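First residue of the sequence shown? That's 25 in my numbering, and the numbers climb one at a time after it.
Some notes on the structure that comes next.
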Amino acid sequence: MSGGSDDGLFPEETLQRVPAPDPVEAPVDKRFAPFNPHAVMLLPPSLDEWLPDNHLARFIADLVDTELDLTGFYDSYTRSKGRPPYDPRMMLRVMLYGYCTGVRSSRKLETACIDSVAFRWLAAGAGPDFRAFSRFRARHLQALAGVFVQALALCREAGMVKLGTVALDGTKVQANASRRKAMSYQRLVPAEEKLAEQVEQMLNDAATTDEVEDQRYGVDARGDELPEELVSRSARLATLRRARQQLEQDAADKARQVAETKARDRGDDDDTVADKGQAAADTAVVKPSAQRNFTDPDARIMKLSSGGFDYCYNAQTVVDAEHQVIVATELSNTATDVGATVPMVLATAEQLGVWPARWLMDAGYCSKKNLTEVAGLEDTHDTEFFIATGRVKHGEKIPDAPRGRIPNDATLRERMGRRLRTKRGKAVYGKRKSVIEPVFGQIATRQGKHVVLRGLAAARAEWDLVAGCHNLLKLFSFRQTA
């Protein structure tokens, strides 16, 4: 073999030279911070040292211990016998903190009292199980709803409610209802008829086999007990019938309301209005797509801001512009806002004892009836309404920059539209979104814009508690920065 350049196995230009790696440093005997999971403490630990002084849990504890009136909780205990219940003061501390931080489920509260330092500190080391939290909430539901009134009073004492400008708006609150456990009217009617036939057939069969059942069950039993299958079918049939009756009643009520409103607008007398309303109710037809949910029959399908649909309630909320404190709220299962205008205005004035100077509302509250009633309220009280009129109807004349005197023949809608198009009206109404929309966002982010309890009455009380905890969070922030 020759010693020339071509004697190698591969040409030299095709070889890739890899640099030698840097030398690896040898490990040293590093000293780490002490860690001994089996260490024994010579002194018992104090939970009080585990929370900073400005923690929300301390604020809630001081509030319950010194500022809230707990008479409504303690007065419900009228018997001295039985196992001693948990102190309402401790349970309220845990539950208020849970509602402020988005922990509402009874089972999650039980877990938090074990895993979370703040919850353990509020419970003073006690570990109530989920049944205790569930029973406490059910027993003191109205007292818990009253926290909203007390929180509002504390915010007013702190100077956080000025009542110069308030905004009214509605938001959809998700109900605790399964979308799979619902049935439309179109499916409900044939299902009810089919189930009724099955129940009737089973009853007939049971009536003809009494002697056989006597032999099967013996002399100690009556022999006419209903089979388990028949009991469950009867219960399902009763549920379907109630759902069908409720759908038909809702359709009749809606038809009566529409007919009476049209009759009043035409100037008919009271008897004619009542007759036309009853006639419309008698001939009302349920829409085939109308649904009723079986887990929460009071919840209704409503359109969400995201564009989807879900079982929800509608929370009407009045917010003060100064510190975004909720001054009034009401939960209903009516999807539209227009019918809540005057009731919410009157409820707010009654709750506060003072009329706000300015009201801000979007176009969902604008109607001929509402504009007429708020015009009367402006005449009798020192208050002013700014209600968006929505799209201008055919024939209405609302200039972009109104000047001069208002025409005598201008409608209430045109007058309101003219008010909002003035320089002052634009400045006042322009604050509406910044006043009320952040409140709904804060509740959705921190607490969750939903209810756990089912049924309109229970959901309404729980929403009052959610609104009250929102105000407590506002009070906490205000005191931190004041």
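All C-beta atoms in this analysis are idealised placements derived from N, C-alpha and C, irrespective of residue type, glycine included.
On a predicted model such as this, the values are computed, not experimentally measured, just so you know.
- Cys-336 sits in a strand when the DSSP states are folded into three classes.
- Rounded to the nearest angstrom, the gap between the Cα atoms of Leu-192 and Leu-376 is 15 Å.
- The DSSP assignment places complete alpha helix (DSSP H) segments of no fewer than 4 residues inside the stretch 25-109 at 80-86 and 95-98, in order along the chain.
- Taking a cut-off of 8 Å for Cβ pairs, the stretch 154-162 and the stretch 123-137 touch, as three or more such pairs fall below it.
- In the three-state reduction of the DSSP assignment, Glu-408 falls in the strand class, which pools E and B.
- For Gly-194, the enclosing beta strand (DSSP E) starts and ends at 189-198.
- For the options Asp-274, Arg-445, Asp-322 and Leu-328, the alpha carbon positioned closest to that of Thr-307 is the one of Asp-274.
- Arg-82 and Pro-431 have their C-alpha atoms roughly 60 Å apart.
- By the Cβ criterion, the stretch 489-501 is in contact with the stretch 171-188, since at least three pairs of Cβ atoms, one from each stretch, lie closer than 8 Å.
- Between Ile-350 and His-474, the CB-CB gap reaches or exceeds 8 Å.
- Shown here, Lys-473 sits in coil according to DSSP, grouped into three states, outside any helix or strand.
- The three-state reading of DSSP puts Leu-328 in coil, since its state is none of H, G, I, E or B.
- Taking each of Trp-379, Met-385, Trp-145 and Val-343 in turn and checking the Cα distance to Gly-363, the smallest one comes out for Met-385.
- Counting C-beta pairs with one atom in each stretch, the stretch 37-48 and the stretch 99-113 have fewer than three that are closer than 8 Å, which means they do not touch.
- In this structure Asp-344 is buried. Its beta-carbon is surrounded by 16 or more other beta-carbon atoms within 10 angstroms.
- Here the C-alpha atom of Ala-481 lies approximately 20 Å from the C-alpha atom of Leu-120.
- If you draw a straight line from the Cα of Asp-334 to the Cα of Thr-372, it is about 29 Å long.
- Between Arg-382 and Glu-346, the C-beta gap is not smaller than 8 Å, which leaves the two residues out of contact.
- DSSP places Arg-478 in the coil class of the three-state scheme, outside both helix and strand.
- 8 Å or more divides the Cβ of Leu-436 from the Cβ of Ala-169.
- Gln-166 counts as exposed, since fewer than 16 other C-beta atoms from the protein chains shown sit within 10 angstroms of its C-beta.
- Exclusion of the five residues before and after Met-440 leaves Leu-395, Ile-411 and Thr-413 as the residues of its chain whose Cβ lies within less than 7 Å of its Cβ.
- As for any alpha helix (DSSP H) of minimum length 4 sitting wholly inside the stretch 123-172, the runs are 130-139, 141-146, 154-163 and 165-169, ordered along the chain.
- Excluding the 5 residues flanking it on each side, Ala-323 has same chain C-beta neighbours closer than 6 Å at Ala-199, Ala-201, Asn-317 and Tyr-335, in chain order.
- Closest in alpha carbon position to Trp-74, among Trp-145, Asp-294 and Arg-180, is Trp-145.
- When only Cα atoms are considered, Gln-471 and Thr-446 end up about 39 Å apart.
- Just so you know, the alpha carbons of Ser-458 and Asp-89 end up roughly 34 Å apart.
- By the neighbour-count criterion, in which a residue is buried when 16 or more other Cβ atoms sit within 10 angstroms of its Cβ, Gln-348 is buried.
- Per the coordinates, the alpha-carbon of Gly-301 lies some 32 Å from the alpha-carbon of Arg-478.
- Shown here, Met-385 sits in a strand according to DSSP, grouped into three states.
- Boundaries of the beta strand (DSSP E) harbouring Glu-354: 350-356, taken from the DSSP string.
- At a Cβ-Cβ threshold of 8 Å, Asn-357 and Lys-196 do not count as neighbours.
- Residue pairing from DSSP leaves Asp-320 without any beta-bridge partner.
- Thr-404 and Arg-288 have their C-alpha atoms spaced approximately 24 Å apart.
- DSSP lists Leu-192 and Ala-352 as the bridge partner or partners of Val-342.
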